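Student:
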Amino acid sequence: MNYPQRFSELPEYAFPRLRTLLGDLSPGSNAPVQMTIGDPRHAPPAFVGEVIAEYAPLFMSYPPNDGAPELLSACASWLKRRYGYKADPEREILALNGTREGLYNAAMALCPETKNGLTPAILTPNPFYQVYAVASLSVGAEPVYINATAETGHLPDYDALDAGLLDRTAVVYICSPANPQGATASLEYWSNLLRLADKHDFMIFADECYAEIYRGQPPVGILEAVRITGADPERVVAFHSLSKRSNLAGLRSGFAVSGPKNIARMKQLRTYAGAPLPLPLQMAAARAWSEEEHVEENRTLYAAKFEAAKAILPGMDIPDAGFFLWLPVDDGEQATLKLWAGTGVKVLPGAYLARDTPAGNPGTSFIRAALVGPLDETIDGLTRLRDCLYG
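First residue of the sequence shown: 70, per the working numbering; consecutive thereafter.
Listed below in C-alpha cells is the structure:
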C-alpha cells in the first residue's frame, strides 16, 4: 500500500532532526544539561498514586468513552473557577487521552470536505505544534502556515490575511500561551478572532495547554472571550490538559470543551477511534482538576527559574507564560551545535518547530530552551548558554 502522497509534505519531527544534527558529536561537558524537550520534571501531586491505588479494582472494567461523570464534573467546575465559563459536563465536555488526540480528532470530526466549493484551508501558527499539520493533511485540507513573529506579538495576525483565504478557511489553530514563544492572547485578540470566525464562517481550535503556567496575571482564555462577547460556543473548541498544569504528562488526561453539536460529533468519532483513559486514571485526573494548591506550587517553581533567567540574560525577551525561552541567535542550527560541543547544553533549533514560507522560516534565527529542570540545573544551563552564545 502506498503512503498517501499528501503526507509527504510532513517535515521530519523536531527531535529526530536534532539527533541527526548532533550525530556523534560529544558534549563539551561531563555534566550535560537537557533543555530541549518540554517534559515537566517537577514532582506530580502526591495524591495521584493514592487515588489510583484506591480505584485500582476499576481496571477490570471498560472505561466510559466520553469520560466518567466525576471527571467531566471536575473539568466543568475548573472552567467555572478559571474562566467564569459555565459548561454542561455531559453535553459540552469530552475527556481526552491527552490533548494531542483531541487536536487531531477535532479536525477529523468537524472539518468539512469542501468550503465554498473549494479545498478547505486550515490555518496554523508558524512555529507550531506538529499535530496541527498532520490533522490538516489527514482531512484533505490545505495547511497554511501564518508566521508569528516579534512584529505580530509572536501570535499570528489572522486579521491581516486576504479575505479570499479566510473565506475558504474551515479551521484556525491557535496556541495561547504560545509554544515556543510564550506569548498570550489578550481579550481583544480573542474577540477579534471570534469576529473573524463569524464573518468568514470558520472554527477556532484553541490549544491552551500552557494556560496554568504563568507569572503575574493568568492569561485570558478563549472561553472568557466567548462569555464576554456572547459568541456562539459552536465556533470554538478549547483544549486543556493536566500535562503541564499538574506535571502529569504520563497520565494522558485532557479535555475538549465546545458547543453541544460539536461535542456530539467528536463523541461519535471517538466511539470508533478513541482510547479512553482507564477509570482509576480518570479518578486521579478528577482529583487533580479539583485541587489548586499543587498548581500554585508548580507556578512558584517556574517563576523562580524565570527570575533567574532575567538576571542571567538581561535584555532578552522573557515571556510571562509557558516554560520555554525563545532566544535570538544568528543561526539556530549553528548555535545548537556550538552550545552542545562547547558546553554540553542541549537546546532545539527554532527552525525545527516551523515551516519555510514565502516570508521565510520564522524560527531560523532562534533556539528554544525548556526551563523544566531543577532551579540549580537551570541556572547552570543558562549561564553556560549565555557565556557560549552571548558572552
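Glycine residues also receive a C-beta, built at the ideal position from the N, C-alpha and C atoms. As the structure is a computational prediction, the values presented were derived from the model and not from experiment.
1. Using the Cα positions of PRO383 and GLY460, report the straight-line distance between them to the nearest angstrom.
2. Let me confirm a value: TYR131 is counted as buried when at least 16 other C-beta atoms fall within 10 Å, else exposed. Which label applies?
3. Taking C-alpha atoms, which residue in ALA112, PHE392, ALA156 and ALA372 lies nearest to ASP301?
4. Determine the DSSP secondary structure at SER260, reduced to helix, strand or coil.
5. In or out: ARG304 buried (at least 16 other Cβ within 10 Å) or exposed?
6. Run the CB neighbour count on TYR242, radius 10 Å, all protein chains shown included, and call it buried at 16 or more, exposed below.
7. DSSP three-state call for MET70: helix, strand or coil?
8. Would you report the Cα separation of TYR371 and ASP267, rounded to the nearest angstrom?
9. Any contact of the stretch 329-339 with the stretch 202-214, i.e. 3+ C-beta pairs under 8 angstroms?
10. Given a threshold of 16 other Cβ atoms within 10 Å of its Cβ, counted over all protein chains shown, does SER95 qualify as buried or as exposed?
11. Could you name the residues of the same chain whose beta carbon sits closer than 8 angstroms to that of SER146, not counting the 5 residues immediately before and after it, in chain order?
12. Measuring CA to CA, which of LEU91, PHE84 and PRO212 is closest to LEU406?
13. DSSP beta-bridge partners for ALA190?
14. Is the beta carbon of GLY97 sitting closer than 8 angstroms to the one on GLY413?
15. Return the first residue and the last residue of the alpha helix (DSSP H) that SER327 is part of.
16. I'd like to know if the stretch 152-167 and the stretch 390-408 are in contact, where contact means that at least 3 CB-CB pairs between them fall below 8 angstroms.
17. Looking at the strands, I want to know which residues DSSP matches up with ASP276.
18. With three or more C-beta pairs closer than 8 angstroms as the rule, is the stretch 231-248 touching the stretch 339-357?
Tutor: Judging by the given coordinates:
1. To locate residue 383, count along the sequence shown from 1; it is residue 314. To locate residue 460, count along the sequence shown from 1; it is residue 391. Distance between the alpha carbons of PRO383 and GLY460 is about 12 angstroms.
2. Counting from 1 along the sequence shown, the entry for residue 131 is found at position 62. So TYR131 ends up on the exposed side.
3. Working through the sequence shown from its first residue, we reach residue 301 at position 232. Looking at the Cα atoms, ALA156 is the closest of the given residues.
4. For this step, residue 260 is matched to residue 191 along the sequence shown. In this structure, SER260 counts as helix in the three-state DSSP scheme.
5. The residue you call residue 304 lines up with position 235 of the sequence shown. ARG304 is buried by the Cβ-count criterion.
6. The count along the sequence shown starts at 1 and reaches residue 242 at position 173. TYR242 is buried by the Cβ-count criterion.
7. Against the sequence shown, residue 70 aligns to sequence position 1. Residue confidence is low: MET70 scores 46 on pLDDT, short of 50, so the model does not pin down where it sits. Its coordinate-derived value is still stated next. Correct three-state label for MET70: coil.
8. Here residue 371 refers to the residue found at position 302 when the sequence shown is read from its first residue. Here residue 267 refers to the residue found at position 198 when the sequence shown is read from its first residue. So the two alpha carbons sit approximately 37 angstroms from each other.
9. no
10. Residue numbering aside, residue 95 sits at position 26 when the sequence shown is read from its first letter. Exposed: under 16 other Cβ atoms inside 10 Å.
11. Taking the sequence shown and counting its residues from 1, one reaches residue 146 at position 77. Once the five neighbours on either side are set aside, the close Cβ partners of SER146 are TRP358 and SER359.
12. As a first step, residue 406 must be located in the sequence shown, where it is residue number 337. Closest by alpha carbon: LEU91.
13. Residue mapping note: residue 190 aligns to position 121 of the sequence shown, counting from 1. BP columns for ALA190 point to GLU211 and THR238.
14. The sequence position of residue 97 within the sequence shown is 28, counting from 1. The sequence position of residue 413 within the sequence shown is 344, counting from 1. Cβ atoms of GLY97 and GLY413: closer than 8 angstroms.
15. Taking the first residue of the sequence shown as position 1, residue 327 is located at position 258. SER327 -> not in any alpha helix (DSSP H); beta strand (DSSP E) instead, spanning 323-327.
16. no
17. In the sequence shown, counting from the first residue as 1, residue 276 sits at position 207. BP columns for ASP276 point to CYS244 and PHE308.
18. no
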